[in-house]
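In the working numbering, the protein residues as written are 193 to 713.
Built from N, CA and C at the ideal position, the CB exists for glycine as well.
These numbers were taken from a predicted model, which means no experiment stands behind them.
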Amino acid sequence: MTSLANIDPFLLNMSLATNPTRNPVTSQNEQGVDGNSILGAQSSTLPPPESPTHVDAPSAPPGTNQTDSRVNNDSEPHVVDNAKTHDALAWADRFILETRRRGGRQTENSVLKQWKSWASQAINSGKLPDIIVDANHTIEYLKYAATRELFNTRGQKKVSTNRLSASSLKKIMTMLGRVRRRQEDENQEIRISRPAKTSRTEDFYKAVMVQAQRLRLEYVKAVAKRARERTLTSYTLLLRLVPQLKKVIEDPDMESLNTFLAALQDGANGARADDIKRIKEEIGNWINLDYKPPVPLNPKCREGRGLAHDLCGELLSPIEFNWQDLEVRANIRNQKDGYAINNNYFLRCLYPKGRYDPKLVERNFLRSRLLVQVYCSIFTSPSSADGLEDLDESVDRPARKKKKTSGQKNATKTNVATLLNMDGRVSSRSIAYAAVLLVFNLTDATQWVEVYNGFNFVMFYNFLVDYLEVFRNDAKKNRVEGLLAWWNSNVFPHHVATAPESNESQDLLAAQEDRADLELL
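Next up, the structure:
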């Protein structure tokens, strides 16, 4: 059954506007691709959780007298290192490799690496006497983990209130517990002299866990609230486009409602398929003409595009990565740890050529020529997308429109923007829709899918909508308003904006009349 929440209003816009002859109530499904809306409900099947590996007898650290084929028998005599960390960290590293399944090594290695870095600094600063994981050690590390500054893979600081999640806390405690058990294997005396758990430790752990769960709950509530707001706005837009929908919803006959919604979805899917096909060809032509890649794109299909193509890969990569570095490029293609790009939406194709700053990701974001060309091709006309040669070099002012030659004529067909009553103003959701089509057509996907190679186009769309509609402060609101004004001037350069209503003349007359009345007194 098609749910009302599954129908994205801007995809419906396409079904009503890109092909005015298509009646969304009576149309057949002509999309030719997977019939899911960009904002439709997606189903995801997660693999079952990995079964934990039970280890009865982990290998001993260097220097112990335990017999194990995995330990170097030529190791030096056992020495408990209570001042330095090198020996303890060395066997901890081997412990990870010897006892964990491949799927769990990466996560545990990351947790262990963070602890090792902190432990060395804490010992050098005098905060800790040694590497032994006792009660005080545990509390100090939990304090650090819950308050430390967060950085991305490129060393840039991230802003987050939920610094330590409940799952991360459990991973930390598991790691500390394993290190502690190895230390007890080395030195039985610390079980009494340096207890790992005390009532204070337990109370502190519970307090941190409660805080992590509270922050997580607040985050989940905020996400759910924003999802409801986004859906409500979608519904409002949908009613403006299809006024008869309200009457159908109020009809108690559910079969009629389901039929109506299914028809709307079919129309939206068909319109999206038309847009994808056209933009696929135009992006190929634009890139071949403007970028002149060594390996030209085939405008008729997406095969050969994606990360494997040097230019498409650069346009699809986030600006925080230096694509010109061949090692970085290989790491992105191989999805190496620290080079995941699926959840990073500040992509090069959304910025003007070379006009971006990884430290200021909002600067020139969503001002790329390619994106405006895609937008114009959809909403104004394909020919209007060819008149933006200077856009990448003039991001702070409207682009110089291409002059018509004697052989060119003005378009007489009513464009999509007019059919949608856009009145010379772009909308946040229309920009997000164009961005989805741009990014999708840079990939090598054979047909439309909501998630391709781990990149979720639904989440990408929602991110852009929220970026343009949700303001944390006045500064963010002013930036977005400036961005939309820039878009309006480039997409609708000849539109005469409606002047704001003003009572200045009436106020002047009233003031003069008041003065005249006073003079008569």
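Pairing N556 with R547 gives a Cβ-Cβ distance under 8 angstroms. By the criterion of a C-beta distance shorter than 7 angstroms, L503 is surrounded in its chain by I479, Y483 and P485, once the five residues flanking it on both sides are discounted.
Within the region 409-481, complete alpha helix (DSSP H) segments of at least 4 residues are found at 436-442, given in chain order. Burial of R540 is indicated by the presence of at least 16 other C-beta atoms within 10 angstroms of its C-beta.
Contact between I524 and N633 is ruled out by a C-beta separation of about 19 angstroms, above the 8 angstroms threshold. The region 487-496 makes no contact with the region 510-518: fewer than 3 CB pairs, one atom from each, lie closer than 8 angstroms. In this structure, V618 and L676 form a Cβ contact; the two beta carbons are roughly 6 angstroms apart against a cut-off of 8 angstroms. Note on geometry: alpha-carbon atoms of T339 and M401 lie some 13 angstroms from one another. Note on geometry: alpha-carbon atoms of V325 and R422 lie some 48 angstroms from one another. Sixteen is the threshold: when 16 or more other Cβ atoms of the shown chains lie within 10 Å of the Cβ of G505, as they do, the residue is buried. Looking at F663, N665, R621 and W678, the one whose alpha-carbon comes closest to that of V650 is R621. DSSP places A358 inside the alpha helix (DSSP H), whose first and last residues are A358 to E378. In this structure, DSSP gives L552 a state outside helix and strand, which the three-state scheme calls coil. Taking every protein chain shown into account, the CB of K472 has 16 or more other CB atoms within 10 angstroms, so this residue is buried.
Judged by DSSP in its simplified three-state form, P510 adopts strand.
Contact check for A327 against R392 passes: the beta carbons are separated by less than 8 angstroms. 8 angstroms or more divides the Cβ of I364 from the Cβ of A404.
Cβ atoms of V628 and Y653 come within 8 angstroms of each other, at about 5 angstroms. Look at L558 here: in three-state DSSP terms it is coil, with no helix or strand label. For the pair L361 and R418, the Cα-to-Cα distance works out to about 27 angstroms.
Taking C-alpha positions only, R408 is separated from T572 by approximately 44 angstroms. For Y625, the closest of W640, V643, N648 and L656 by C-alpha to C-alpha distance is L656. Around D658, the same chain offers R418 and R422 as residues with beta carbons nearer than 8 angstroms, after the five sequence neighbours per side are excluded. In this structure, the beta-carbon distance from I441 to L433 does not fall below 8 angstroms. Just so you know, the alpha carbons of Y397 and I331 end up roughly 8 angstroms apart. The three-state reading of DSSP puts L499 in coil, since its state is none of H, G, I, E or B. D466 counts as buried, since no fewer than 16 other beta carbons sit within 10 angstroms of its beta carbon. Closest by C-alpha distance to Y411, out of S357, T638 and E381, is S357. The criterion of a C-beta distance shorter than 8 angstroms is satisfied by S560 and P544. Straight-line measurement puts the Cα of L542 at about 11 angstroms from the Cα of V553. Note: N648 is bridge-paired with V643 in the DSSP secondary-structure output.
Under the 10 Å beta carbon count, R386 is surrounded by 16 or more other beta carbons and is classified as buried. L320 sits in coil when the DSSP states are folded into three classes, being neither helix nor strand.
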